[in-house]
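Colleague:
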Amino acid sequence: METSLVLLLLLAPFVGFLSNVFLGKQFGRTGSGVLGTLAVVASFIATVIFFMQVNSTKEAINIHLFDWIAMGKFSIGFDILLDQLSLLWLMFVTGIGALIHLYSISYMHDDENTHKFFSYLNLFVFFMIMLVAGSNLLIMFIGWEGVGLCSYLLIGFWYKNQDYNDAAKKAFIMNRIGDLGFLIGIFIIGYLFNTLDFVALKQAILAGNGTANLALIGTAALCLFIGASGKSAQIPLYTWLPDAMAGPTPVSALIHAATMVTAGIFMITRLNFLFELAPDVKMIIAVVGVFTALVAAAIGLVQNDIKKVLAYSTVSQLGLMFLALGLGAYEVAVFHVITHAFFKACLFLGSGSVIHALHGEQDMRNMGGLRKAMPVTFITMLISTLAISGIFPFAGFWSKDEILLTAFHGNTVLWVLGSIASIMTAFYMFRLMFLTFFGEFRGTEEQKHHLHESPALITVPLIVLAVLAAIGGAINLPGNNWLNHYLAPLFKGHEAHHLDNTAYMLMGIATVGALIGIGIAYSMYISKKQVPEADDKVQGLHKVLANKFYLDEIYMAVIVKPIYALAKFSRDYIEKGLSNIVFGFGTVADGLALQGKKMQNGNIGFYLFAFVFGLCSIVYYLFFVR
Amino acid sequence: MDVTLLLILLFIGAVATYFSGNAIASKVALFFSVAALGVSLALLNQFSQGTDISFSAQWIKNPNVLFALKADGLSIAMVLLTTALTPLIVLSGFGNNFNNAKNFYALVLFMAFAMIGTFLASDGFVYYIFWELSLIPIYFIALIWGNGDAEARKKAVIKFFIYTFAGSLFMLAAFIYLYQKAGTFKWDVLVGLDLSATEQFWIFLAFFLAYAIKIPLIPFHTWQANVYQKAPTIGTMLLSGIMLKMGLYSVLRWQLPLAPNAAKELQYIIIGLALAGVVYGSIVALKQKDLKKLLAYSSLAHVGLIAAGCYAMNMDGLRGAVLQMIAHGFVIVGLFFAAEVIYRRYETRTISEMGGIRQQTPKFASMFMILVLASVALPGTFNFVGEFTVLYSLSTENMVFAVIGGTTIILGAFYMLRMFQHAMLGETNAKMFADVTVSEGIVFVAIIGFLLFFGLYPKPIIELITPSIQEILVHVK
Amino acid sequence: MGEIIFYALAAVTLGTALLTIFSRNPIHSALSLVVCFFSIAGHYLLLNAQFLAIVHIIVYSGAIMILMLFTIMLMNLNKDDESHKPIAAKIAATIAFCLVGLVLLAGLLRTKPVVESYYYSGEDFQSIKVLGKVLLNEYMVPFEFASVLLLVAMIGAVLISKKDKEKSLK
Amino acid sequence: METILKEIGVETYLYLSALLFSIGVFGILLRRNAIVMFMSIEIMLNAVNMMLVAFSTYHQDASGQVFVFFSMAVAAAEVAVGLAILVSIFRNHGSVDIDNLKNLKG
Amino acid sequence: MNTLIAIAVLGVIVLLAEIFNLRKAIIPVTLAGLIATLGLTVTEFGVTESHYNNMIKVNNFTVAFSSLFIVLTIFLIALSADFYQERASKISDFVSIKLFLLAGSVSMVSFGNLAMFFLGIEVLSIALYILAGSDRLNVKSNEAGMKYFLMGSFASGIILFGIALVYGAVGSFDMDMIYEASNSATTVDWFYIGVSMITVGMLFKIATVPFHFWAPDVYEGAPTLTTATMSTLAKVTAMATFFKLNMAMNGNMKFEYELVIVIVSIASMTVGNIMALRQNNIKRMLAFSGISHAGFMVMALLNLQNATGSLFYYTAAYGLAGIAAFTVVIYVCKGKDNENIENFNGLGKRNPLMAGILTASLLSMAGIPIFSGFFAKFFLLNQVLNAGWLVLVIAGVINSMIAVYYYFKVVSAMYTKEATEEPAKVPFEFYIVAVLAIGLNIAIGLFPSALMDLF
């Protein structure tokens with residue numbers, strides 16, 4: 001029973017994928033969307049059932065499907081582990097996934113390849129479930145790479161545009177850089193512990209088997225973090241995520257905001273017992289996280305593309321989560337992941353709704369005043385923006401506050417930096433809101449004429465998500481701490497912070513900070529009615545920020561260009577050179593042959609002379625040289 | 001029933017194809033190759049039930065040569081690779097109209113015959129004969145039915161032939177030396193020889209030259225790209241899908257057990273060379289304009305990794321290498337076939353002249369995509385199983401190896417996706433791209449099915465090859 | 001006494017041999033060679049091989065040289081028409097001569113050919129009778145085979161010189 | 001029967017033959033006239049014949065002299081064939097200078 | 001002994017047939033006679049005896065090689081009918097000369113006395129001089145004949161000198177006596193000068209470096225069938241004789257002598273192969289290839305005790321491949337004034353069977369497995385390594401790969417270039433000869449023991 005339910009959980013999206021691939025055209029556009037959505041809903045239901053069960057029994061479910069790879073010293077099974085952590089993740093993966101599928105039915109209705117879209121989306125959910133529910137690192141890796149693949153496919157969904165394809169490729173390759181780190185981490189773990197299974201691994205580490213070599217464990221942890229930073233867009237591997245906005249907006253919402261990008265956090269949380277052994281690495285994680293938060297927030301200040309702003313915001317938020325991870329507050333990070341999933345998905349879907357209404361326009365300079373035309377979108381997005389800015393009592397407030405609290409207890413510098421990042425967050429999010437929904441409409445007349453609120457299929461998910469964004473903080477309210485208790489079996493005795501004066505003070509500081517950010521935005525975009533300048537007019541720091549610290553250019557110049565140059569050099573010179581060495585033997589032989597032909601000159605006198613010479617040499621050698 | 005049946009069947013197949021006439025040659029060849037597949041599956045069945053399907057008989061008394069064919073798990077796996085790919089390769093020729101088709105297909109079958117012999121032979125001399133024999137058909141296939149300028153082709157093909165022939169001659173010299181020591185060419189006896197360090201060193205080098213050229217490892221690879229490009233696609237498939245594996249198989253079967261100490265001594269250098277090939281092949285592949293050449297360099301990179309696994313000389317390395325050999329055999333055949341499918345429609349192999357195909361044939365594009373993904377070892381495909389195992393084995397030797405070898409994950413994705421993007425995506429191409437035909441579809445589906453199935457359930461193959469690899473490892477240790 | 005005759009004959013032999021190769025006119029060469037052959041016959045006589053000496057004169061001077069002279073006359077080669085040889089050829093020839101001479105002589109000298117003096121047992125070994133017996137008993141097969149040799153030479157000479165009759169076999 | 005060998009020893013004949021042989025070699029290398037080259041070859045063969053006879057006497061064995069007969073037969077046969085070839089060359093070229101025979105080379 | 005008589009008688013019968021105007025019967029009768037002789041010879045297998053005061057010795061070596069020579073001659077004579085079509089009036093001369101040539105060959109491997117050896121080699125040589133110069137109106141043929149004659153006679157002189165020295169040292173021409181002398185410590189040293197001069201003469205006959213210069217010129221100039229004879233029958237004969245001579249005279253070979261053989265072998269292989277690279281005339285190319293094969297064959301001398309079988313196998317493989325190759329060459333170059341490789345363009349399409357046969361024979365010469373040439377090389381290298389000459393094995397190996405280039409040049413010309421003319425009709429006997437020769441070649445490749453175990 002359990003197994004078949006697990007199979008349903010796992011395979012429902014896969015079946016959806018297959019049927020959409022092979023029969024999608026027959027179902028029609030709506031039909032394929034419905035099919036895809038139902039598949040995810042089925043998974044969601046299964047997840048809920050398991051969630052109930054585990055929540056009550058507190059016992060993880062471990063199911064062995066079949067043997068997969070046999071290694072020399074251990075074998076890797078195709079196993080599924082449903083414990084508190086994975087179920088939690090599955091809940092919002094399948095839940096938000098279902099909502100976004102629903103949303104997409106309407107959003108992608110006019111596309112010619114709707115069935116493909118849904119098949120990819122289903123495939124993504126399938127791989128995501130695998131990632132989350134895998135019982136060992138390698139199964140997780142299947143999902144890990146699989147979601148990367150789906151991300152690639154969906155970013156490049158409009159494959160006729162080569163820029164989009166470039167973005168897709170970039171995402172895949174940068175992910176793969178991280179994946180290499182992940183793999184190396186897996187290798188070290190396998191080498192040290194002779195198992196890749198999470199449960200066995202945890203037992204081994206707790207029992208102290210194979211933990212002697214702390215340096216190697218540290219390396220493993222660092223490699224795994226590299227993997228995580230690839231998937232979760234941390235410095236220095238984050239540049240793919242903003243580019244990934246080339247994909248359709250539901251994709252951005254599902255993959256690049258709510259689910260896939262949190263895989264890195266999931267992985268580190270999953271392996272928290274390992275990271276606990278590597279404090280240096282944890283420090284690195286925290287520092288990288290906070291800097292990512294800062295840098296991305298800074299870039300986000302000046303972006304004009306509505307989705308790009310959200311993308312940098314995502315990067316920034318992910319940075320905050322890593323900050324929490326680095327400080328050992330795994331449950332805090334998880335908490336933020338969940339709330340972030342709610343409000344960021346909502347924001348993306350809302351922006352999708354806007355873009356939909358404007359027929360593909362994404363530049364905020366060409367928007368404005370949409371508040372009246374699209375009230376539902378506006379309100380839901382406002383709720384989410386408040387949540388992300390950390391305004392009481394929305395979900396983001398609680399989770400972000402926990403992170404900052406943790407940071408404050410851990411390292412004041414980190415706390416300061418994290419706070420700055422969250423102030424910036426408040427600023428650019430409201431900048432987005434003000435530019436989009438307030439003021440006068442700045443687009444073309446024709447766009448204005450067609451302005452409309454999106455259909456129900458779009459607004460319903462928005463509303464659901466907005467509600468969650470508003471109240472989602474409830475799962476881990478201070479004092480109640482349901483989430484902490486729920487996740488407690490996973491972590492080694494980590495105490496939740498008490499609500500003391502410090503906590504209240506910090507809450508206050510954070511709120512004030514957020515309000516300051518909002519205020520600046522208000523003064524700039526509402527009072528002064530500023531509109532960001534055209535791209536070629538920006539100057540100074542602004543220009544640096546607008547160009548994302550020139551990071552793409554630097555990567556291009558430092559890594560990609562040299563590789564291309566090397567490739568060209570190898571192709572044109574090394575290959576030819578090697579080839580010529582081989583041909584060189586032929587050429588030498590050929591030259592010898594030419595010389596030899598001159599010797600074979602047809603002259604009997606010479607032939608005879610050679611004969612005599614040979615005769616004499618042989619006789620001489622045999623009788624005089626001994 | 002023993003393994004000679006397979007050889008006889010294929011040989012008869014070659015002859016029958018030759019005499020069948022041009023019109024039905026391809027069908028006759030298909031029939032025999034499918035029959036060979038059937039026979040090999042039947043043999044596999046017998047083998048797994050414990051029946052002895054080996055064959056041995058005195059061939060030449062002086063020098064003492066046995067016509068010995070030994071079937072263990074490793075051999076059978078390689079034989080199955082050959083017999084499984086041959087029908088696909090033959091089938092993939094259905095879309096071409098070859099001049100003198102009877103000769104062509106007869107050569108294809110003959111080549112399969114020779115390669116199977118190589119995989120089965122357990123007498124060094126017989127092994128060598130089959131090894132060389134397999135060169136002849138591919139020489140003619142590439143020379144006569146190849147494409148491009150005849151002079152350039154001749155040059156490339158003759159270089160290939162002489163180069164590989166040269167390498168194997170040193171192997172022959174080594175075999176003769178071993179014979180002088182042992183008085184027989186039998187595998188079991190040869191691997192049991194007690195050789196001094198110097199002897200092992202030279203024997204290892206002699207074998208290495210043969211295999212390094214065949215596999216090929218850098219810097220012995222210069223024949224590869226040109227021949228792959230110039231040969232007809234079927235020839236390229238035979239070369240890259242099966243023949244390369246002969247070199248790798250031979251490393252496992254002959255080189256390592258014969259000169260284990262030398263192998264250990266030179267292990268790091270050779271793994272380094274192989275991994276340099278991984279990186280170098282990937283980098284050169286990045287800037288290739290010709291699709292087949294790009295695939296050739298990708299093959300260089302992949303076999304470099306397999307070779308590194310072989311020379312890691314531990315259970316995982318060897319097993320991973322074998323798995324990856326099989327996986328790579330399938331995927332590279334598929335990829336070359338995709339190139340051929342494009343060529344049939346666009347008459348070009350230059351990537352920049354393609355593009356926008358996906359819109360016209362989504363089915364083909366999807367299948368091509370899956371092959372590309374398999375080639376970059378996406379988890380879930382068989383290639384991942386092999387690549388993971390190999391990389392893991394390298395990491396147990398030295399973590400640096402795993403990191404260098406692992407760059408294939410990044411660079412492989414880089415050049416393959418770049419290729420796919422420019423070849424298939426983008427604005428719809430003005431030229432018509434007809435949908436894949438039935439025969440083309442069968443080839444693709446079979447390959448993809450194989451890769452995906454064993455990607456999730458590689459257990460049968462692992463169980464098949466493990467005992468024989470253990471036996472080899474006994475000699476290596 | 002014999003020694004003097006020997007050295008005189010040897011001088012004649014070598015001298016005429018040299019004349020043979022140095023004469024610019026082939027006729028002179030041929031005539032010198034005839035003298036050379038006669039001197040060699042003299043050596044045979046010195047060595048008590050009378051029969052051989054006669055046969056030698058008959059075959060060489062009588063047959064071979066006549067054949068050559070005939071050819072020379074027939075082709076009207078009795079004039080000094082040999083093209084000027086390059087100096088390199090002369091040097092090469094001289095080197096070759098010196099090499100062969102030196103190596104052979106030095107080789108023979110070095111191996112100290114005969115240490116013991118010559119004892120004549122008195123047995124008859126080279127009368128016509130003995131030679132005949134040896135030739136037709138012991139050496140019967142080579143003797144017969146020599147006829148094959150001569151037959152081949154004869155057919156060959158004819159084959160090369162005779163004009164073809166254009167007639168098809170089939 | 002006394003022979004010269006008692007006085008001078010067989011080695012002197014060896015040296016004489018070797019010298020004569022060398023002269024033959026000299027001639028064949030020096031001259032370009034085919035007929036003179038033939039003659040040089042005859043000198044070489046005669047040098048050997050002389051040596052054979054000397055050895056025959058030395059060993060008091062008739063077979064050496066019998067061999068000389070064969071050698072003569074060979075010489076005669078060679079000359080016959082050689083002259084036949086020479087004649088046909090002369091017919092085609094109008095000369096017997098072997099320096100003209102350089103068409104086959106390389 | 002019977003073989004020799006039979007062949008000589010057959011030669012005379014051929015001559016008589018011309019007199020009685022039975023020209024058409026000549027070739028069939030000769031072939032039948034040769035086949036009968038072959039049968040006769042084979043029945044002598046296993047017998048070891050000597051005839052006529054040890055002039056002729058019969059043993060397995062003799063029988064095996066004689067049979068090989070007869071087989072090769074059968075092929076060569078079978079080709080004669082068509083080859084000498086234009087000169088039918090002289091067919092009896094050609095055939096009888098070939099038969100006498102065969103008689104010379106047989107005597108060269110079955111001699112028990114140096115007189116027989118010398119006469120045999122002279123019969124062989126003179127027959128070849130004649131055949132080389134037999135195309136009397138062809139300037140090239142004249143030149144070839146003359147060159148071959150001059151150099152050949154010179155070599156005969158050297159051999160004769162060597163024989164004289166050996167006689168001087170031993171006091172007999174009998175091989176048994178010589179064998180004893182060679183193993184005796186008291187033998188005069190000049191014996192070895194004699195032996196080395198005979199060696200040089202034989203090295204000339206089998207065309208090894210530096211005594212090889214005649215071969216390419218003569219091969220090119222001579223009528224193609226003669227070239228075929230020279231490169232197969234004559235070379236094989238000379239090699240077998242050389243081997244036999246060494247067995248008798250050089251029983252305990254000195255290291256220096258071995259070294260000379262090694263150097264000559266390496267030089268021949270290398271020069272032959274490298275020079276062949278640039279040849280455009282196929283006969284010339286095959287001449288150089290023959291030089292390199294000669295280099296291979298002399299390796300057998302390094303292991304006199306065991307290498308007989310290997311040498312026989314090599315000569316058989318080489319001879320049969322040569323016959324097959326030359327059959328095609330004769331067919332293709334018929335009526336052409338040169339034998340350039342361009343003539344072979346497109347043969348793969350014009351006449352696939354002939355192209356296939358030429359390919360197979362060239363592959364055999366190149367030493368590609370399953371063709372007997374490979375096994376031949378392998379067996380020889382095996383013997384050489386057994387004798388401890390690793391360096392020679394490596395040289396042989398390196399040369400084998402150089403050789404591939406020029407053999408494959410012809411092959412690729414046949415299959416890639418377009419034909420320039422219409423296919424000519426192939427005479428029936430050409431097919432038979434070519435197929436039989438290459439068939440035998442492959443057959444001994446599949447069953448090497450058939451030949452290897454004869455000794």
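Protein chains in written order, with full-length UniProt numbering: chain Y, 1 to 626; chain V, 1 to 477; chain D, 1 to 170; chain C, 1 to 106; chain H, 1 to 455. Ideal Cβ placement from N, Cα and C applies to all residues, glycine included.
Taking C-beta to C-beta, are Ala12 (chain Y) and Ser32 (chain Y) nearer than 8 Å?
Modeller: Here residue 12 (chain Y) refers to the residue found at position 12 of the first sequence. Here residue 32 (chain Y) refers to the residue found at position 32 of the first sequence. No; because the gap between Cβ atoms is not below 8 Å, this pair is not in contact.
Colleague: What did DSSP end up calling Gln84 (chain Y) once you bin it into helix, strand or coil?
Modeller: Position 84 of the first sequence holds residue 84 (chain Y). In the structure shown, Gln84 (chain Y) sits in a helix (DSSP, three-state: H, G or I).
Colleague: Report the option in Y:Asp363, Y:Asn165, Y:Leu483, Y:Val251 whose CA atom is closest to the CA atom of Gly355 (chain V).
Modeller: Position 355 of the second sequence, counting from 1, holds the residue named residue 355 (chain V). Comparing Cα positions, the closest option is Y:Asn165.
Colleague: Return the CA-CA distance between Tyr15 (chain C) and Gly290 (chain H), expressed in angstroms with no decimal places.
Modeller: Taking the fourth sequence and counting its residues from 1, the one referred to as residue 15 (chain C) is at position 15. Taking the fifth sequence and counting its residues from 1, the one referred to as residue 290 (chain H) is at position 290. Straight-line Cα distance between these residues: approximately 38 Å.
Colleague: Looking at the structure shown, is Leu310 (chain Y) part of a helix, part of a strand, or coil, going by DSSP?
Modeller: Here residue 310 (chain Y) refers to the residue found at position 310 of the first sequence. Note: Leu310 (chain Y) maps to helix in three-state DSSP.
Colleague: Kindly list the residues whose CB is nearer than 8 Å to the CB of Phe193 (chain Y), restricted to its own chain and excluding five residues on each side of it in sequence; keep chain order.
Modeller: Walking along the first sequence from the start, residue 193 (chain Y) turns up at place 193. Cβ within range, chain order: Ala200, Leu201, Ala204, Ile205, Asn209, Gly210.
Colleague: So what's Asp124 (chain D) in DSSP terms, helix, strand or just coil?
Modeller: Mapped onto the third sequence, residue 124 (chain D) falls at position 124. It is coil, neither helix nor strand.
Colleague: With DSSP as the reference, label Asp110 (chain Y) as helix, strand or coil.
Modeller: Here residue 110 (chain Y) corresponds to residue number 110 of the first sequence, with the count starting at 1. Three-state DSSP puts Asp110 (chain Y) in coil, outside helix and strand.
Colleague: Excluding sequence positions up to five away, which residues of its chain have a Cβ less than 6 Å from the Cβ of Val115 (chain D)?
Modeller: By one-based count along the third sequence, residue 115 (chain D) stands at place 115. The predicted position of Val115 (chain D) is uncertain, since its pLDDT is 49 and thus under 50; a value taken from the coordinates is nonetheless stated next. If we look at Val115 (chain D) and ignore the five residues flanking it on each side, it has no Cβ neighbours.
Colleague: Helix, strand or coil for Val188 (chain H) per DSSP?
Modeller: Locating residue 188 (chain H) in the fifth sequence gives position 188, counting from the first residue. Of the three classes helix, strand and coil, the one that applies to Val188 (chain H) here is coil, per DSSP.
Colleague: Rounded C-beta distance between Thr420 (chain H) and Asn345 (chain H)? I'm assuming under 8 Å.
Modeller: Position 420 of the fifth sequence, counted from the start, is the residue given in the question as residue 420 (chain H). Position 345 of the fifth sequence, counted from the start, is the residue given in the question as residue 345 (chain H). Indeed, because the Cβ distance is near 6 Å, the residues count as touching under 8 Å.
Colleague: Please compile the residues from chain H whose C-beta is within a distance smaller than 7 Å of the C-beta of Met44 (chain C).
Modeller: The residue labelled residue 44 (chain C) in the question sits at position 44 within the fourth sequence. Simply Gly157.
Colleague: Quick check: the Cα distance between Thr226 (chain H) and Tyr268 (chain V), rounded to an integer number of angstroms?
Modeller: The sequence position of residue 226 (chain H) within the fifth sequence is 226, counting from 1. The sequence position of residue 268 (chain V) within the second sequence is 268, counting from 1. Spanning the two alpha carbons is a distance of roughly 58 Å.
Colleague: Take Thr229 (chain H) as the anchor and find which of H:Ile26, H:Phe94, H:Asn340, H:Ile263 has the nearest alpha-carbon.
Modeller: Here the question's residue 229 (chain H) lines up with position 229 in the fifth sequence. Closest option to Thr229 (chain H), Cα to Cα, is H:Phe94.
Colleague: What's the call for Asp188 (chain V), buried or exposed, on a 16-neighbour Cβ count within 10 Å?
Modeller: By one-based count along the second sequence, residue 188 (chain V) stands at place 188. When all chains shown are included, Asp188 (chain V) counts as exposed.
Colleague: Label Val588 (chain Y) either buried or exposed according to how many other C-beta atoms from any shown protein chain fall within 10 Å of its C-beta, with 16 as the threshold for buried.
Modeller: Mapped onto the first sequence, residue 588 (chain Y) falls at position 588. Burial call: exposed.
Colleague: How about Leu154 (chain Y) and Val261 (chain Y): do their beta carbons lie closer than 8 Å?
Modeller: Taking the first sequence and counting its residues from 1, the one referred to as residue 154 (chain Y) is at position 154. Taking the first sequence and counting its residues from 1, the one referred to as residue 261 (chain Y) is at position 261. No, they are not a contact pair.
Colleague: Is the shortest distance between the beta-carbon of Ile206 (chain H) and the beta-carbons of chain Y less than 8 Å?
Modeller: The count along the fifth sequence starts at 1 and reaches residue 206 (chain H) at position 206. No, because no Cβ of chain Y sits closer than 8 Å to the Cβ of Ile206 (chain H).
Colleague: The beta strand (DSSP E) that contains Trp68 (chain Y), what's its start and end?
Modeller: The residue you call residue 68 (chain Y) lines up with position 68 of the first sequence. Residues 61-70.
Colleague: Distance check for Lys102 (chain V) and Ile189 (chain Y), CA to CA, integer angstroms please.
Modeller: As a working mapping, residue 189 (chain Y) is identified with position 189 in the first sequence. As a working mapping, residue 102 (chain V) is identified with position 102 in the second sequence. Their backbone Cα atoms lie some 55 Å apart in a straight line.
Colleague: Are the CB atoms of Val126 (chain V) and Phe67 (chain V) nearer to each other than 8 Å?
Modeller: Position 126 of the second sequence, counted from the start, is the residue given in the question as residue 126 (chain V). Position 67 of the second sequence, counted from the start, is the residue given in the question as residue 67 (chain V). For Val126 (chain V) and Phe67 (chain V), yes; Cβs fall inside 8 Å.
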